[in-house]
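Throughout the sequence shown, residue numbering follows our numbering, covering -5 to 389 in sequence.
Glycine is no exception: its CB is placed at the ideal position from the N, C-alpha and C atoms.
Just so it is clear, the structure is predicted and the values come from calculations on it, not from any experiment.
Structure record follows, encoded as structure tokens.
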Amino acid sequence: MKKTLDKLKVMVVMGTRPEVIKMAPVIQSLQQHPDQFQTIVVATAQHRGLLDQALSIFRIQPDLDLNLMNTGQGLPDLTGRVLSSMAQTLSKTKPDMVMVQGDTTTVLATALAAFYQKIPVAHIEAGLRTYHKYSPFPEEMNRRLTSVMADVHFAPTLSAKHALLKEGISDSTIVVTGNTVVDALLHVCELPEPLGHPVLSTLDFDQYRLLLVTSHRRESWGLELQNICMAIKEIVEKYPDVLVVYPVHPNPVVQSTAMDILGGMERIKLVEPLDYLTFIHLMKKSYMILTDSGGLQEEAPTLKKPLLLLREVTERPEAFDSGFAKIVGTNHQNIVKETEFLLNDRNAYEKMIRGDNPYGDGKAGHRIVQALCHWGKRAAPLLSSEEEFTFSLKN
Ligand code: UD1
Ligand code: UDP
């Protein structure tokens, strides 16, 4: 049986850009309670540049940096390296609990390393499901496998909690928190807009409607990503008042497809990945978003921007139920048709952005830390139902 702990030694592990953004509010909340938590921040650095960019915006300095990224890394190789490095790190540090966020290789391999040493795991953003084994790939499977190993499940929404319950996970180990990305986003929105970006500062955003594009998913590599790029090209050619900014993911596969099809076009700006602060200010200026990103599906409702999802399925149904997002897939003609619809029909556009944000209220980090505190004291429930995040559709 778990003993009661006066001060919990919590290891927070992150590997990629979205993990840093979404863990930052949790780290901040943990560090506000030094009497209750000893917080150890570990970067696997599955991402190098993107991770450092995000760490710097949130002023996080990892206590340990495993520096694991290789250019063009494959899944088995990366998984093996995270697993063995994290196993060593856990043996040396012996935390009372390990926290992971989301669905990356870092999450799965860290949870497995902790399981091998019988160290409890808390999983943030638990319970997102498509029930399509290969979409998103490998993230759907990473999430499911992590849920089996986790001891505490921080579900961002009620539907995520229901998915966990359906899989036989005990109600007493699940807390509905809202998504921590909303906490991060609200914090960053308060900060002044950074000026002087070499490309963005030259653009006249009043003259154009800005389509913000990101696409990087493994399951889209090849034909699907080519379709997406061809559709974007067609839209820009048809609409002289449209400007596209596409911060291209550093993955060599993504870079080469985007450059081949979209490089050199005047109103398509392929830029390096933007730091989170710059990116959020750009999102605020955008007319709409075309993306396959997970995090952007949660941010668009917070900033009240319509989003077209360049994927066939989503594990984040709330943005769609609330009207903010539409699944358009990766078919060239369909992407063009749905984008044109929103460019031409202002009523349809306005209708998409009327709802409330289903993803959070900016207090997720606080809820997670409160629940952890109860977990350390073996108090039940981890959080009272009145304190959990709730959201209900108005209509
Ligand atoms: C990873 C996650 C994905 C998440 C995405 C966020 C897995 C399996 N995938 O995908 O769930 O949506 O991060 O962006 O965990 N690279 C750099 N510099 C960087 C980052 C990446 O050069 O800062 C290049 C490297 O060549 C690297 C490659 O991108 O090998 C792939 O990185 P990896 O983390 O394996 O996969 P992502 O596609 O980034
Ligand atoms: N993002 C960013 N700069 C960019 C593109 C995205 O800071 O140039 C942020 C975005 O706001 C979101 C997160 O990165 O919070 C999403 O990361 P990504 O799309 O890489 O991963 P996913 O969310 O799909 O796992």
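In the structure shown, residue 67 falls within a coil segment according to DSSP collapsed to helix, strand and coil. Under DSSP, the beta-bridge partners assigned to residue 240 are 264. Rounded to the nearest angstrom, the gap between the Cα atoms of residue 312 and residue 151 is 8 Å. Looking only at 194, 168, 235, the smallest Cα-Cα distance to residue 379 is reached by 168. Shortest Cα-Cα distance from residue 189 to any of 229, 130, 276 involves 276. Per the C-alpha coordinates, the member of 226, 209, 280, 370 positioned closest to residue 246 is 209.
Taking a C-beta distance under 8 Å as the contact criterion, residue 176 and residue 354 qualify as a contact pair. Leaving aside the five residues that flank residue 306 on each side, the residues in its chain whose CB is nearer than 6 Å to its CB run, in chain order, 323. Residue state for residue 42 is assigned as coil, using DSSP reduced to three classes. Contact annotation, residue 116 with residue 366: C-beta distance approximately 7 Å; criterion of less than 8 Å satisfied.
For residue 17, the secondary structure class from DSSP, reduced to helix, strand or coil, is helix. Counting only residues of its own chain and dropping the five nearest sequence neighbours on each side, residue 279 has a CB closer than 7 Å to the CB of 199, 204. In terms of CA proximity to residue 179, 51 leads the group 51, 110, 43.
Taking residue 207 as reference, the option from 41, 226, 139 with the minimal CA-CA separation is 226. Contact annotation, residue 105 with residue 140: C-beta distance approximately 5 Å; criterion of less than 8 Å satisfied. Under the DSSP assignment, residue 31 falls in the beta strand (DSSP E) whose first and last residues are 31 to 37. Checking the DSSP bridge columns, you'll see residue 203 partnered with 236. The C-alpha of residue 356 lies about 13 Å from the C-alpha of residue 381. If you draw a 10 Å sphere on the C-beta of residue 269, you find 16 or more other C-beta atoms in it, and that means buried. Residue range 2 to 8 is occupied by the beta strand (DSSP E) that includes residue 7. A direct Cα-to-Cα measurement between residue 274 and residue 137 gives close to 26 Å.
Within the same chain, and ignoring the five residues on either side of residue 31 in sequence, the residues whose Cβ sits closer than 6 Å to its Cβ are 2, 4, 24. For residue 230, the three-state secondary structure derived from DSSP is helix. With a threshold of 7 Å, the Cβ atom of residue 53 does not count as near ligand 1, since no heavy atom of the ligand is closer than that. Residue 62 is a Cβ neighbour of residue 39, given a cutoff of 8 Å. Restricting attention to 244, 240, 261, the CA atom closest to the CA of residue 232 is found in 261. Distances between the C-beta of residue 241 and the heavy atoms of ligand 1 are all 7 Å or more.
CA-to-CA, the gap between residue 149 and residue 384 works out to about 11 Å. Shown here, residue 384 sits in coil according to DSSP, grouped into three states, outside any helix or strand. Collapsing the DSSP output to three states places residue 339 in coil. As computed with DSSP, residue 80 is found in no beta bridge at all. Note on geometry: alpha-carbon atoms of residue 369 and residue 83 lie some 23 Å from one another.
Taking 7 Å as the cut-off, the C-beta of residue 64 counts as close to a heavy atom of ligand 1. Comparing alpha-carbon positions, the option among 285, 41, 56 lying closest to residue 211 turns out to be 285.
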